[in-house]
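Asker: Going by my numbering, 448 is the number at position 445 of the sequence shown; the sequence numbering is gapless.
Where is the CB? At the ideal position from N, CA and C, for every residue including glycine.
Note that the coordinates shown come from a computational prediction; the quantities given were computed from them, not determined experimentally.
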Amino acid sequence: SHGSEEFTQFKEKLVRYGFFSDPFTGGHEAIFGIEKQLMQLVSHFKSAAYQFGTEKRVLLLHGPVGSAKSTIARLLKRGIERYSRTDDGKLYTFGWKVKDEVTGADVIWSPMNEEPLKLIPKEARLKVIEQINEKSDLPYKLRVEGDLDPLSRRIMNDLLEKYDGNWREVIDKHVVVKRLLISEKDRVGIGTFQPKDEKNQDATELTGDVNYRKIAFYGVDSDPRAFNFDGEFNVANRGIVEFIEVLKLDVAFLYDLLGASQEHAIKPKKFPQTDIDEVIVGHTNEPEYKRLQSNELMEAFRDRTVKIDVPYNTVLDNEVRIYEKDFTKARVNKHIAPHTIQIAAMWAILTRLEDPKRGGLTLLQKLKLYNGKSVPGMTEDNIRELRAEAKDEGMRGISPRYIQDKISNAIVNYPAADTVNPFMLMNELEQGLKHHSLITSEDVKKRYRELLGVVRQEYEEIAKNEVQRAISADEEAIARLCSNYIDHVKAYTQRERVRNKYTGEMEEPDERFMRSIEEKIDVSESRKDDFRREIMNYIGALALEGKQFDYKTNERLHRALELKLFEDQKDSIKLTSLVSNVVDKETQAKIDVVKQRLIDRYGYNDTSATDLLNFVASIFARGDIKE
C-alpha cells in the first residue's frame with residue numbers, strides 16, 4: 004500500500020518496499036539493507052492471501068539480538084491499524100440487539116469481532132461468496148470459512164428458536180453492523196503474547212477465561228455468556244498476533260499455537276474448537292532456535308513454521324543510516340564530528356563479516372565491496388561468490404543496540420566537550436567490550452579489539468584524505484592543472500607537440516608532469532598509454548554529444564589532481580608546525596583557510612576541524628603519509 008521500487012545489486016534484481024521505510028512515523032523505525040529477507044516476507048503474505056498453504060503456518064522471524072525482528076512486527080501491526088482506517092482496508096463486524104442481562108447493555112457485540120458474512124448459513128454462504136468474487140477485480144478469491152464464535156452462535160440459536168427458524172427475521176430485527184478499526188491499544192485485531200515463568204502463566208491468556216461475575220447469574224461456566232473471549236488469540240481475530248520470544252514458551256502453549264496455525268482454530272476452556280482468522284508471527288533469537296532444531300519432540304512445530312532469517316546489516320551505508328536517524332541535530336545538543344558514526348558502523352559491520360576465503364582480499368576490502376566501492380581485480384560476479392560462500396553473514400557480531408548505547412555514552416561522558424569525535428567513540432566501543440553481557444569468549448573480544456585497530460587505521464586514512472582535499476580544494480587551481488594535463492595527454496596520444504603557455508614555443512609533451520599525476524592513483528608505467536587513451540576517448544565521446552569534459556565526473560582523475568595539488572601546496576602550508584606550536588602569521592593564515600574549508604564543505608565545526616588538523620599534523624610529523 005506504500006509502493007515499491009526495483010533496483011539491482013550485484014547483478015541481482017531486488018525490490019524495496021516503501022512499507023518498511025516506516026511511513027507511519029516519518030522513517031523513525033525504517034529498516035535498511037535486508038531487502039532480500041523482506042522480499043521473502045512479502046512473498047509469504049502473498050502466498051497466504053492466495054490460500055496456497057502458507058496461511059496455515061506460523062511465521063517465525065529468526066535472527067540475532069538487536070536485529071529488526073521486533074521492528075518488523077511493530078510495522079506490521081502499525082500497518083494493519085492504518086490500513087483498516089482507509090477505504091481499501093474497510094473491515095466490518097456485528098453485534099446483537101439483545102439486552103445483556105448482567106450489564107444492561109442494549110447491544111452485545113461479537114467478542115471476537117467476527118466477519119458479518121459468517122452470519123450466513125454455511126450451505127448458502129458459498130453461493131453468496133461466488134457472486135461477490137464474480138463482481139470483484141481482486142487478484143485472489145475471497146473466502147469466508149469457519150463458524151461464529153461461541154457467544155454469537157448461542158445468541159443466533161436462541162433467536163432462531165424464538166422466530167421458528169426464520170433467519171431473515173433474526174437478521175433484520177437483531178443484527179447491527181459497524182466498521183471495525185484495528186487497534187493495538189484497544190486490543191482490537193492485534194494481540195501480543197510474551198512468555199513469563201510457568202507458575203504465573205496458563206492457557207487462558209491465549210484463549211480466554213471464565214467471567215466469575217456472570218457465572219453467578221448464568222449458573223454454569225460452560226455458558227458462553229459467562230466467558231470472557233479476551234485471550235490474545237481471541238482479540239487478534241481478523242488481524243495479527245505477535246509471540247515475543249516464541250521458542251521460550253512452555254510446550255503446552257506451543258500445542259495451542261500449532262492448532263491455531265494449522266487448523267485456524269483454538270480450544271477455549273469448556274468450549275468446542277473455535278475458528279480464528281489471523282496472522283501468527285513469532286520471533287526468536289539464535290540460541291532458542293538451536294534448541295528447537297535439536298529437540299525431536301518439536302518436529303511438529305518445525306514443520307508448521309516458515310522461518311525467515313533477519314540478519315544484521317552488512318552494508319556500511321545502510322548501517323550508518325540506522326544511527327543517523329537516531330542521532331540527528333534536532334535530538335543531540337552536541338556536534339558529532341564527520342565520520343564518527345561511520346567509524347562505529349564500520350566496526351559493527353566488520354564484526355559481522357566472515358573472513359574472505361579468496362587470498363589477498365582483506366576484511367576491510369570486503370566491507371567496501373559490499374558497500375558498492377570498487378576494489379582492483381574484483382567484479383560483481385566475485386562479490387556474489389563472496390556472499391554465496393558466507394551464507395551466515397550478519398547472523399552474529401555486534402548489534403546496533405550496542406553501537407547506539409556507546410554513541411549515547413560518548414555524548415554524555417564528556418560533559419566539558421562540545422563535540423563528539425571518532426576517538427571518543429572508539430574508546431567507548433573498546434571499554435564496553437569488558438562488560439558486554441552477551442560476549443563471554445575472550446577470543447571473540449580479542450578479535451573485536453583487533454578489528455577496532457583496523458578501523459582506527461582506516462580513520463587515519465580518511466582523516467589524511469580529508470585534510471589533503473581541504474588543502475587542495477582550490478577548484479580554479481585544479482581546473483588549471485587538469486587543463487594542462489589534458490593538453491599534454493592529447494599531444495602525447497596524437498604524437499603532437501604542445502605550446503608552452505609561458506614562452507609560446509612548441510615543445511614535446513612533459514612526461515614527468517603527466518607521470519607525477521598518474522602515479523598518485525597507481526597507474527603503472529606499463530598502463531599509462533591505456534589510461535591516457537581512455538581519457539581521450541571519453542572526452543571525444545562527450546564532444547560528439549556536444550558536451551564538455553568535467554574532471555569531477557572522473558573520480559580517479561579528480562583524486563589524482565587533488566593529490567598532485569596537495570603535493571605542490573603542502574610545503575607552503577607547513578601543517579606540521581601545529582605540532583611544534585611554532586606557527587608564524589603567514590602559516591596560521593593558510594591553516595585558517597584550510598580549517599574554514601573543512602567547516603564550510605565537510606561539516607566540521609571549529610573544535611572538530613582543529614582536532615582533525617592537529618591529528619593529521621601529528622601523522623605528517625612522523626612522516627606517515629601515503630601520497
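Please report the distance separating the alpha-carbon of N487 from that of N540.
Answerer: In the sequence shown, the residue the question calls residue 487 occupies position 484. In the sequence shown, the residue the question calls residue 540 occupies position 537. One C-alpha to the other measures close to 17 Å.
Asker: May I ask you to list the residues that DSSP assigns as paired with A502?
Answerer: The residue given as residue 502 occupies position 499 in the sequence shown. Residue 502 is actually Arg in this sequence, not Ala. Answer is M509, bridged to R502.
Asker: Relative to the C-alpha of A347, which candidate in G69, Y373, Y405, Q296 has its C-alpha closest?
Answerer: The residue given as residue 347 occupies position 344 in the sequence shown. Considering only alpha carbons, the answer is Y405.
Asker: Does the distance from the CB of Y451 to the CB of T343 come in under 7 Å?
Answerer: Locating residue 451 in the sequence shown gives position 448, where the first residue counts as 1. Locating residue 343 in the sequence shown gives position 340, where the first residue counts as 1. Going by C-beta atoms, Y451 is not nearer than 7 Å to T343.
Asker: Check the C-beta distance from I481 over to Q572 and give it rounded, since I have them as a contact under 8 Å.
Answerer: Taking the sequence shown and counting its residues from 1, the one referred to as residue 481 is at position 478. Taking the sequence shown and counting its residues from 1, the one referred to as residue 572 is at position 569. With 8 Å as the limit, I481 and Q572 do not qualify as a contact, their Cβ atoms being about 11 Å apart.
Asker: Quickly, what does DSSP pair V415 with across the bridge? List them, please.
Answerer: Translated into the one-based positions of the sequence shown, residue 415 becomes position 412. Its beta-bridge partners do not exist; DSSP assigns none.
Asker: If distances are taken between C-alpha atoms only, which option among V282, E281, Q296 comes closest to N288?
Answerer: Within the sequence shown, numbered from 1, the residue matching residue 288 stands at position 285. When only C-alpha atoms are compared, the closest one is Q296.
Asker: Given E392, which residues of its chain have a CB within under 7 Å of its CB, disregarding the five upstream and five downstream residues?
Answerer: Counting from 1 along the sequence shown, the entry for residue 392 is found at position 389. Closer than 7 Å at Cβ, skipping near neighbours: K360.
Asker: Looking at the structure shown, is S297 part of a helix, part of a strand, or coil, going by DSSP?
Answerer: Indexing the sequence shown from 1 puts residue 297 at position 294. Helix at S297.
Asker: Mind pulling the alpha helix (DSSP H) runs of 4 or more residues that sit fully within the stretch 38-126?
Answerer: Those alpha helix (DSSP H) runs which fall completely within the stretch 38-126 and span 4+ residues are 38-52, 72-86.
Asker: Please give the ranges of any alpha helix (DSSP H) in the stretch 184-254, keeping only runs that are unbroken, at least 4 residues long and fully inside the region.
Answerer: List check, alpha helix (DSSP H) in window: 207-210, 215-221, 235-238.
Asker: With H, G and I counted as helix, E and B as strand and the rest as coil, what does DSSP make of E630?
Answerer: Within the sequence shown, the letter at position 627 stands for residue 630. Unreliable positioning characterises E630 in this predicted model, as indicated by a pLDDT of 39, which lies under 50. The coordinate reading is nonetheless provided below. If DSSP states are grouped into helix, strand and coil, E630 belongs with coil.
Asker: Distance, Cα to Cα, K588 vs R515?
Answerer: As a working mapping, residue 588 is identified with position 585 in the sequence shown. As a working mapping, residue 515 is identified with position 512 in the sequence shown. One C-alpha to the other measures close to 34 Å.
Asker: Closest by CA to D253, which one among H177, D278, Q197, H439?
Answerer: Here residue 253 refers to the residue found at position 250 of the sequence shown. Residue Q197 is the option with its Cα nearest to D253.
Asker: Measuring only the C-alpha atoms, how far is P124 from T331?
Answerer: Within the sequence shown, the letter at position 121 stands for residue 124. Within the sequence shown, the letter at position 328 stands for residue 331. The straight-line gap from Cα to Cα measures roughly 57 Å.
Asker: Please determine, among A466, Y315, N430, V282, the residue with the shortest C-alpha to C-alpha distance to S621.
Answerer: Walking along the sequence shown from the start, residue 621 turns up at place 618. Taking only the C-alpha atoms, the option nearest S621 is A466.
Asker: Once you ignore the five residues that flank D320 on each side, which residues in its own chain have a CB closer than 7 Å to its CB?
Answerer: As a working note, residue 320 is residue 317 in the sequence shown. Here the set comprises N374.
Asker: Below 7 Å between beta carbons: does that hold for Y554 and L560?
Answerer: Position 551 of the sequence shown, counting from 1, holds the residue named residue 554. Position 557 of the sequence shown, counting from 1, holds the residue named residue 560. Cβ distance < 7 Å, so Y554 and L560 count as in contact.
Asker: Please go through the same chain and pick out, in chain order, the residues whose beta-carbon is closer than 7 Å to the beta-carbon of A563, but skip the five residues on each side of it.
Answerer: As a working mapping, residue 563 is identified with position 560 in the sequence shown. Taken in chain order, the residues that qualify are I520, E521, K523, I524.
Asker: Where in the stretch 377-454 do unbroken runs of the alpha helix (DSSP H), each at least 4 residues long, occur, reported from the N-terminal end onward?
Answerer: Runs found: 383-392, 403-415, 425-436.
Asker: Check whether the stretch 41-57 and the stretch 152-172 touch, using three or more Cβ-Cβ pairs below 8 Å as the test.
Answerer: With the cut-off at 8 Å, the stretch 41-57 and the stretch 152-172 do not touch.
Asker: Would L209 pass as a contact of G242 if the rule is Cβ separation under 7 Å?
Answerer: The count along the sequence shown starts at 1 and reaches residue 209 at position 206. The count along the sequence shown starts at 1 and reaches residue 242 at position 239. It is not a contact, given that the beta carbons lie outside the stated cut-off.
Asker: Taking only the alpha-carbon atoms, compute the straight-line gap between R19 and S7 and give it to the nearest angstrom.
Answerer: Residue numbering aside, residue 19 sits at position 16 when the sequence shown is read from its first letter. Residue numbering aside, residue 7 sits at position 4 when the sequence shown is read from its first letter. The straight-line gap from Cα to Cα measures roughly 5 Å.
Asker: So, is I352 buried or exposed, given that buried needs 16 or more other C-beta atoms within 10 angstroms?
Answerer: In the sequence shown, residue 352 corresponds to position 349, counting from 1. The residue is buried, with at least 16 neighbouring Cβ atoms inside 10 Å.
Asker: Could you give the distance in angstroms between the alpha-carbon of E715 and the alpha-carbon of E172?
Answerer: Nothing about residue 715 can be read from this structure; the chain reaches only from 4 to 630.
Asker: May I ask which residues mark the beginning and end of the beta strand (DSSP E) holding Q12?
Answerer: As a first step, residue 12 is located in the sequence shown; it is residue number 9 there, counting from the start. Element bounds for Q12: 7-12.
Asker: Rounded to a whole number of angstroms, what is the C-alpha to C-alpha distance between P341 and Y607?
Answerer: Locating residue 341 in the sequence shown gives position 338, where the first residue counts as 1. Locating residue 607 in the sequence shown gives position 604, where the first residue counts as 1. P341 and Y607: Cα-Cα distance of roughly 6 Å.
Asker: Tell me, please, which residues DSSP counts as bridged to R19.
Answerer: Locating residue 19 in the sequence shown gives position 16, where the first residue counts as 1. In DSSP, R19 forms a bridge with E8.
Asker: Is the beta carbon of P114 closer than 7 Å to that of F97?
Answerer: By 1-based counting over the sequence shown, the position of residue 97 is 94. By 1-based counting over the sequence shown, the position of residue 114 is 111. No, these two residues do not count as a Cβ contact at 7 Å.
Asker: In the DSSP output, what is I2 paired with across the bridge?
Answerer: It is not possible to answer for residue 2, since the shown part of the chain is limited to 4 through 630.
Asker: To which residues of the same chain is V68 closer than 8 Å at the C-beta, ignoring the five residues directly before and after it?
Answerer: Locating residue 68 in the sequence shown gives position 65, counting from the first residue. Cβ within range, chain order: N288, S402, R404, L441.
Asker: So if DSSP puts T308 in a beta bridge, which residue, or which two residues, is it bridged to?
Answerer: Locating residue 308 in the sequence shown gives position 305, where the first residue counts as 1. Per DSSP, V61.
Asker: Using 8 Å as the Cβ pair cut-off and three pairs as the minimum, do the stretch 304-315 and the stretch 368-385 touch?
Answerer: Judged by Cβ distances under 8 Å, the stretch 304-315 makes no contact with the stretch 368-385, as fewer than three pairs qualify.
Asker: Enumerate in chain order the residues of its own chain whose CB-to-CB distance from Q432 is below 7 Å, with the five nearest sequence positions on each side excluded.
Answerer: On the sequence shown, position 429 is the one that residue 432 refers to. Looking at the sequence provided, one finds Leu at residue 432 rather than Gln. Result list for L432: A347, W350, K409, L455, in chain order.
Asker: Taking contact to mean at least 3 C-beta pairs separated by less than 8 Å, is the stretch 53-60 in contact with the stretch 10-17?
Answerer: These segments do not touch.
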